[in-house]
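There are 2 protein chains.
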Amino acid sequence: MIKFCQSCGGAVSHRVPEGDSLPRAVCTRCRHIQYENPKMVVGCLPVWGDRILICKRAIEPRLGLWTLPAGFMENHETTQEGAAREALEEANARVEIGELYTLYSLPHISQVYMMFLARLVDPDVSPGIESLEVKLVTEDEIPWDQLAFTMVRLTLQHYLEDRRRGVFTPRFGEIRAPSR
Amino acid sequence: MIKFCQSCGGAVSHRVPEGDSLPRAVCTRCRHIQYENPKMVVGCLPVWGDRILICKRAIEPRLGLWTLPAGFMENHETTQEGAAREALEEANARVEIGELYTLYSLPHISQVYMMFLARLVDPDVSPGIESLEVKLVTEDEIPWDQLAFTMVRLTLQHYLEDRRRGVFTPRFGEIRAPSR
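Chains as they are written, first to last, in our numbering: chain A, 1 to 180; chain B, 181 to 360.
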């Protein structure tokens, strides 16, 4: 919750500005309006042959559980650049980013997840600072009961289905459950 | 540029926190880190038969130029809900949101645009507070030289191409030019 103005340091009040329809943090001193908007999480599903790169989280939330490389998109990058950066940061993985594959809105936490298909340039991966361990797993080795987030499970399930069909179709949806 | 902490009102310094790789606004008093991330703009291309809904902007930027209904996604909504809300706010238009159609990163302004295909529930539209005028136009009536943003031009071009082919294919890309 915003309490002070990031521009002048004055106290803010939360009220609906004229011409707006939602309460905003409005500075009581300089009148600056500070907007809060959803955040994007960008990531990828990096494959090497029939293997998929997964990472064991070294940080909260879901420390010790497995995820696909993903993280908050940064300013001044594209969604694809963000997805490639996260693979490098979390698994020292060099990837070629392909098509957008899954996109989920999580309105209860004001986040949007975007996951891209990706190809590892080489299988030489190792844990980055946010990972305890990284692995290239076959379908049989996916730790389904130790996945960190719903969007990881859904993205893996869609990928395995589509790989069997031989056709990759993007999936867009929402995840409303309190579990991510 | 963030100058003061939104949590305690203290002065911030811009530096790379331990374990991070980018400068952040770090409070010199309470140590709170305030992240800045890209914003999502969600919108749609509402059609009624062979006509497309366009809106003449009543606000800056690009006041007086034509756009598709779109705006900043709000917290606690899905991308589709945001796109429908914008159509209602800008053109009093009731729409059924369809598939995600175009997605563009604009890294120079740290924005991501997502435009959905949409069907008007009825042709009864009128200007909302952010529009000077709204119109249902045929292909021949699109004011190509008075469009507000590059993403509007691209989305319209793709739609008209796809409508001729009879197949709608999502397009994902980036717009790096200083013009939006």
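By construction, the Cβ of each residue, glycine as well, lies at the ideal position given by its N, Cα and C atoms.
Neighbour flag for residue i against chain B, beta carbons, 8 Å
i               : result
M73 of chain A  : yes
T28 of chain A  : no
I33 of chain A  : no
H76 of chain A  : yes
F172 of chain A : yes
L120 of chain A : no
T79 of chain A  : yes
8 Å CB neighbourhood of residue i in its chain, flanking five on each side removed
i               : result
E174 of chain A : Y104, S105, L106, P107
R57 of chain A  : L63, G64, L65, W66, T67, E130, S131, L132, A148
Endpoints, the alpha helix (DSSP H) within which residue i is located
i               : result
E341 of chain B : 330 to 345
Min CB distance residue i to chain A below 8 Å
i               : result
L280 of chain B : yes
C188 of chain B : yes
N217 of chain B : yes
L243 of chain B : no
E266 of chain B : no
I277 of chain B : no
M220 of chain B : yes
K399 of chain B : What the structure shows of chain B is the stretch from 181 to 360, and residue 399 of chain B is not part of that stretch, so it cannot be assessed.
P287 of chain B : yes
T330 of chain B : no
L225 of chain B : no
L283 of chain B : yes
G199 of chain B : yes
V292 of chain B : yes
L202 of chain B : yes
I309 of chain B : yes
Cutoff 6 Å; reference residue i; Cβ partners in own chain excluding five residues on either side
i               : result
A177 of chain A : none
V222 of chain B : M253, T259, G262, A263, M294
S126 of chain A : N92
R209 of chain B : C188, G190
G251 of chain B : E266
Rounded C-alpha distance that separates residue i from residue j
i               : j               : result
N75 of chain A  : P203 of chain B : 11 Å
R360 of chain B : P46 of chain A  : Only weak support is given to the placement of R360 of chain B: the predicted model assigns it a pLDDT of 48, under 50, and the value that follows is read from those uncertain coordinates. For R360 of chain B and P46 of chain A, the distance between alpha carbons rounds to 32 Å.
E279 of chain B : M295 of chain B : 9 Å
F348 of chain B : T335 of chain B : 12 Å
M151 of chain A : L268 of chain B : 30 Å
N272 of chain B : G308 of chain B : 6 Å
A25 of chain A  : G9 of chain A   : 12 Å
N37 of chain A  : R163 of chain A : 35 Å
K315 of chain B : P323 of chain B : 11 Å
C5 of chain A   : C207 of chain B : 13 Å
Q146 of chain A : I52 of chain A  : 15 Å
V192 of chain B : I2 of chain A   : 15 Å
G346 of chain B : E261 of chain B : 27 Å
E141 of chain A : M40 of chain A  : 29 Å
Y35 of chain A  : S21 of chain A  : 13 Å
E266 of chain B : W48 of chain A  : 41 Å
E198 of chain B : E60 of chain A  : 16 Å
I213 of chain B : I289 of chain B : 22 Å
T194 of chain B : C44 of chain A  : Just to set this straight, residue 194 of chain B is His in the shown sequence, not Thr. Answer to the nearest angstrom: the Cα atoms are 30 Å apart.
V196 of chain B : E77 of chain A  : 18 Å
R94 of chain A  : R31 of chain A  : 46 Å
Close-in-space but distant-in-sequence residues of the same chain around residue i (CB under 7 Å, 5 per side omitted)
i               : result
E96 of chain A  : A118, R119, V121
H338 of chain B : T282, R351
L340 of chain B : E319
E270 of chain B : C235, P249, G308, E310, S311
V137 of chain A : R51, I52, I54
Q111 of chain A : P38, K39, V41
P303 of chain B : W228, L316
Reduced DSSP secondary structure (H/G/I, E/B, other) of residue i
i               : result
Q326 of chain B : helix
E99 of chain A  : strand
E310 of chain B : coil
I2 of chain A   : coil
I355 of chain B : coil
P287 of chain B : helix
P350 of chain B : coil
N-terminal and C-terminal residue of the beta strand (DSSP E) that residue i is part of
i               : result
A91 of chain A  : Here A91 of chain A belongs to no beta strand (DSSP E); instead the alpha helix (DSSP H) covers 79 to 91.
C55 of chain A  : 51 to 57
V125 of chain A : Premise fails: V125 of chain A is in no beta strand (DSSP E) and is neither H nor E.
F72 of chain A  : 70 to 72
C44 of chain A  : 39 to 48
H14 of chain A  : 12 to 15
R24 of chain A  : 24 to 27
beta-carbon residue i near the ligand SAM non-hydrogen atom, thresh 7 Å
i               : result
L245 of chain B : Although the ligand SAM was asked about, the structure shown includes no ligands whatsoever.
Within-8 Å CB hit, residue i to chain E
i              : result
C55 of chain A : Chain labels in this structure do not include chain E; the protein chains are A and B.
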